[in-house]
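What follows is a short report on a single structure.
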Amino acid sequence: LAKTTQPISMDSYEGQEVNITCSHNNIATNDYITWYQQFPSQGPRFIIQGYKTKVTNEVASLFIPADRKSSTLSLPRVSLSDTAVYYCLVGPGGSYIPTFGRGTSLIVHP
Amino acid sequence: KAGVTQTPRYLIKTRGQQVTLSCSPISGHRSVSWYQQTPGQGLQFLFEYFSETQRNKGNFPGRFSGRQFSNSRSEMNVSTLELGDSALYLCASSKGRENTIYFGEGSWLTVV
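Which chain is which? The protein sequence lines are A and B, in order. So the first sequence is residues 13 to 122, counted in my numbering. So the second sequence is residues 17 to 128, counted in my numbering.
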């Protein structure tokens with residue numbers, strides 16, 4: 013099972029770029045990396061998914077180095093509404109039991 | 017396209033009772049998985065169903081069970097409720113095992 017490690021918390025200010033890194037040393041060849049955002053009392057919301065190099069969509073970018081042992085979620089110009097917990101998930105890979113880490117609590121200050 | 021729908025959204029039960037939670041996946045999705053989320057343990061995988069068959073099960077006691085119907089809708093049941101079962105129960109769906117999973121808003125269960 014691909015275990016993930018993320019910082020427990022991060023602080024930022026409105027308008028700044030935020031980068032959250034996730035370590036997944038034992039990622040399998042057929043694993044994808046997916047990031048989710050979760051607000052209190054709501055289900056996690058899909059943000060972005062990638063396999064290697066860089067993926068960008070309208071809300072975020074995902075950077076994955078060649079060895080794929082880590083990944084970085086980049087949120088450009090954050091706002092107060094980006095305050096949430098962010099999870100990275102690595103899978104499916106083989107006997108798929110999704111294992112979420114504790115997530116990163118991002119607080120954006122005015 | 018409608019997302020994953022879970023009912024009920026909130027419920028309160030008494031210790032010893034049982035509860036059934038319902039999940040309607042995104043149209044066309046055949047895989048449904050369930051998770052328990054608590055402040056102490058985080059997001060934990062309960063089980064996954066695909067085409068009415070349980071494919072994977074997390075490390076939870078037998079009091080936690082589930083099933084999937086032919087229309088891919090799923091239910092999970094917790095019997096003999098304990099205080100520690102108070103949690104947010106999340107359902108997620110995907111087209112198959114190797115596809116992105118999408119979560120519902122969850123069912124908040126409080127056991128008193």
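The beta-carbon is built from N, C-alpha and C at its ideal position, and this holds for glycine as well. Keep in mind that this is a model prediction, so the values were computed, not measured.
Extent of the continuous beta strand (DSSP E) run through residue i
i, result
"L62 (chain B)", "G58 to F66"
"N93 (chain B)", "S90 to V94"
"V121 (chain A)", "A small correction: the amino acid at residue 121 (chain A) is His; Val does not occupy that position in the sequence shown. Note, H121 (chain A): beta strand (DSSP E), T116 to H121."
"K66 (chain A)", "T65 to T68"
"K15 (chain A)", "K15 (chain A) -> no beta strand (DSSP E), and no H or E assigned at all."
"D43 (chain A)", "D43 to Q50"
"V71 (chain A)", "Counting along the chain, V71 (chain A) falls outside any beta strand (DSSP E), and DSSP gives it neither H nor E."
"F80 (chain B)", "F80 to Q84"
"I59 (chain A)", "R57 to G62"
Rounded straight-line distance, which links the Cα of residue j to that of residue i
i, j, result
"P19 (chain A)", "N31 (chain A)", "11 Å"
"G120 (chain B)", "L106 (chain B)", "6 Å"
"S93 (chain A)", "V120 (chain A)", "8 Å"
"T30 (chain B)", "L97 (chain B)", "7 Å"
"T68 (chain A)", "Y118 (chain B)", "19 Å"
"D25 (chain A)", "P122 (chain A)", "According to the sequence shown, residue 25 (chain A) is Tyr rather than Asp. Using only the alpha carbons, I get a separation of about 6 Å."
"G103 (chain A)", "W47 (chain A)", "11 Å"
"A96 (chain A)", "G32 (chain B)", "34 Å"
"D23 (chain A)", "H45 (chain B)", "37 Å"
"Q22 (chain B)", "R89 (chain B)", "10 Å"
"I60 (chain A)", "L101 (chain A)", "11 Å"
"P56 (chain A)", "P77 (chain B)", "25 Å"
"S49 (chain B)", "S123 (chain B)", "14 Å"
"Q70 (chain B)", "P110 (chain A)", "15 Å"
"N93 (chain B)", "E29 (chain A)", "43 Å"
"R89 (chain A)", "Q53 (chain B)", "30 Å"
"L37 (chain B)", "R114 (chain A)", "25 Å"
Residue i: CB within 7 Å of a non-hydrogen atom of the ligand PLP
i, result
"A78 (chain A)", "Here there are no bound small molecules, and the ligand PLP is not part of this structure."
Cβ-based burial, residue i [other Cβ within 10 Å; buried from 16]
i, result
"S53 (chain A)", "exposed"
"Y51 (chain B)", "buried"
"I28 (chain B)", "exposed"
"L99 (chain B)", "exposed"
"G27 (chain A)", "exposed"
"G106 (chain A)", "Low local confidence applies: a pLDDT of 49 at G106 (chain A) is under 50, so the model's placement there is unreliable, with the coordinate-based value given in what follows. Per the 10 Å Cβ criterion, exposed."
"R25 (chain B)", "exposed"
"L118 (chain A)", "buried"
"V128 (chain B)", "exposed"
"R113 (chain B)", "buried"
Own chain, CB closer than 6 Å to residue i, minus 5 neighbours either side, in chain order
i, result
"F75 (chain A)", "K66 and T84"
"Y63 (chain A)", "Y44"
"Q49 (chain A)", "R57, I59, A96 and Y98"
Sequence-distant residues of its chain with Cβ nearer than 8 Å to residue i (five each side left out)
i, result
"G19 (chain B)", "I42, Y118 and G120"
Sequence-distant residues of the same chain with beta carbon closer than 7 Å to residue i, five excluded per side
i, result
"S95 (chain B)", "Q34 and R79"
"P77 (chain A)", "none"
"F11 (chain A)", "The structure shown has nothing for residue 11 (chain A), since chain A only spans 13 to 122."
"T126 (chain B)", "I28 and S102"
Is it true that the stretch 96 to 104 of chain B meets the stretch 41 to 52 of chain A, where meeting means three or more beta-carbon pairs spaced less than 8 Å apart?
-> Segment contact: the stretch 96 to 104 of chain B against the stretch 41 to 52 of chain A, fewer than three CB-CB distances shorter than 8 Å; contact not assigned.
Determine, using beta-carbon pairs with one atom in the stretch 22 to 38 of chain A and one in the stretch 67 to 84 of chain A, whether at least three such pairs fall under 8 Å.
-> As far as the Cβ criterion goes, the stretch 22 to 38 of chain A touches the stretch 67 to 84 of chain A, which means the pair count is three or higher.
Touching or not, the stretch 76 to 84 of chain B and the stretch 61 to 68 of chain B, by the rule of three or more beta carbon pairs under 8 Å?
-> Under the Cβ criterion (8 Å, minimum of three pairs), the stretch 76 to 84 of chain B counts as touching the stretch 61 to 68 of chain B.
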